[in-house]
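Protein sequence lines, in the order shown, are assigned to chains R and F.
Counting in this note's numbering, the first sequence runs from 401 upward without gaps.
Counting in this note's numbering, the second sequence runs from 30 upward without gaps.
Where a beta carbon is used, it is the ideal one built from N, C-alpha and C, also for glycine.
Report on one structure; see the data block that follows.
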Amino acid sequence: MLNKEQITTLLQFVASVTPDKISCDACLDLVPELAESQLGNRPLTEVLEDVQNHIDNCPCCAKEYETFLEALHAIAEE
Amino acid sequence: MVESEAQTDEWVLRLRDTQLQGAALQELRKVLLRGLSRAFNGKGGGESFCEDVAQDTLIRILEKLDQFSGRSKFTTWAMSIAVRIGTSQFRRKMFKDVSINSLGDEENMKFEFADEDQVSPEDLEDRRSIVETLRSLIETSLTDKQKQATQAILGGMPVEEIASRTDSNRNAVYKLIHDARMRLKQGLESSGYSAEDVLSAFA
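So, in structure tokens, the structure goes:
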């Protein structure tokens, strides 16, 4: 049984979706380039914008990307 | 540590050279462990978990070295592989005892709508109407597989875990769920509820 909080999550999950051109695998192959562009404050290419759009749509890739950025910050500090 | 292009090339050369490979792997292992520890320690992935992931990553990197295109720094690419392996193993560990059926049975998809917020009767009526439209769209527009996968992801199960339990793959399950979301969104819009209406009604 979905309670109000879960219904709200479902509605947000539905309302926030946008068309997505790429798959999870394609996204994860390109996250090194996306991260370097974002951390270097460089404008995103069209392909990297598609990767960012996929991350905005896919909660699993979004969490994985967040974890990746944490790891990159750690190795950059050395 | 900011890696230059020359350092990126050097990593690849050293890993391909049988005489230099051992030292390069040891050095790379330290880099990976630093990143993995930061990324997974706070989430419950301890030292031995990170050690295992680093080891698996080094093997994978040697297998995939020819696929490194140089479009990013070598350590960034290596770290992305480590995080992918670590995330996958971590998710498998977290969800090993969770059945997809426990997240995706018919009972779970029923709606219990007891609004406790202090909202006006008009806003409450809007919410009820949106939820009823959504419930009806789920029943009429989604396939059984889409219902099950959508429920499972709402229950917190990652896409790759849904895939492993349904003899599918991450890309296919993501597409299944994405198509379901698009269909529900379009259905809501056809019923007069834009994304903004929905988000503001439940803000």
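Cα-Cα separation between residue i and residue j, rounded to whole angstroms
{"i": "Pro432/R", "j": "Arg45/F", "result": "21 Å"}
{"i": "Glu466/R", "j": "Gln48/F", "result": "36 Å"}
{"i": "Arg212/F", "j": "Asp81/F", "result": "41 Å"}
{"i": "Ala474/R", "j": "Lys404/R", "result": "39 Å"}
{"i": "Asn198/F", "j": "Val417/R", "result": "21 Å"}
{"i": "Lys102/F", "j": "Leu91/F", "result": "16 Å"}
{"i": "Gln367/R", "j": "Gly71/F", "result": "Within the shown structure, residues of chain R are numbered from 401 to 478, placing residue 367/R beyond reach of any answer."}
{"i": "Ser77/F", "j": "Asn200/F", "result": "30 Å"}
{"i": "Lys176/F", "j": "Ser223/F", "result": "22 Å"}
{"i": "Ser423/R", "j": "Pro150/F", "result": "43 Å"}
{"i": "Ala111/F", "j": "Arg194/F", "result": "24 Å"}
{"i": "Gly64/F", "j": "Leu434/R", "result": "18 Å"}
{"i": "Leu205/F", "j": "Thr172/F", "result": "10 Å"}
{"i": "Ser128/F", "j": "Gly185/F", "result": "12 Å"}
With 16 other Cβ atoms within 10 Å as the buried cut-off, status of residue i
{"i": "Asn457/R", "result": "buried"}
{"i": "Asp420/R", "result": "buried"}
{"i": "Glu154/F", "result": "exposed"}
{"i": "Leu88/F", "result": "The amino acid at residue 88/F is misidentified as Leu; the sequence shows Ile. Classification of Ile88/F: exposed, given that the 10 Å Cβ count is below 16."}
{"i": "Gln180/F", "result": "buried"}
{"i": "Arg156/F", "result": "buried"}
{"i": "Ser66/F", "result": "buried"}
{"i": "Gly73/F", "result": "exposed"}
{"i": "Val148/F", "result": "exposed"}
{"i": "Ala415/R", "result": "buried"}
{"i": "Glu190/F", "result": "buried"}
Nearest candidate by alpha-carbon position, reference residue i, set the options
{"i": "Leu62/F", "options": "Ser109/F, Glu154/F and Asp173/F", "result": "Ser109/F"}
{"i": "Pro187/F", "options": "Tyr222/F, Gln118/F and Glu151/F", "result": "Gln118/F"}
{"i": "Val427/R", "options": "Thr409/R, Gln438/R, His454/R and Val414/R", "result": "Here residue 427/R is Cys; the residue named in the question, Val, does not match the sequence. Of the listed residues, the one whose Cα sits closest to Cys427/R is His454/R."}
{"i": "Gly42/F", "options": "Asp95/F, Thr105/F and Asp85/F", "result": "A small fix is needed here, since residue 42/F is Leu in this sequence, not Gly. Checked all of Asp95/F, Thr105/F and Asp85/F; the closest Cα to Leu42/F is Asp95/F."}
{"i": "Asp208/F", "options": "Glu225/F, Gly184/F and Lys174/F", "result": "Lys174/F"}
{"i": "Gly115/F", "options": "Asp226/F, Lys125/F and Ala83/F", "result": "Ala83/F"}
Would you be able to state if there are at least three C-beta pairs under 8 Å between the stretch 216 to 223 of chain F and the stretch 148 to 164 of chain F?
yes
Evaluate contact between the stretch 34 to 43 of chain F and the stretch 441 to 454 of chain R, counting only Cβ atoms and requiring at least three cross-stretch pairs below 8 Å.
Taking 8 Å as the limit for Cβ pairs, the verdict is that the stretch 441 to 454 of chain R does not touch the stretch 34 to 43 of chain F.
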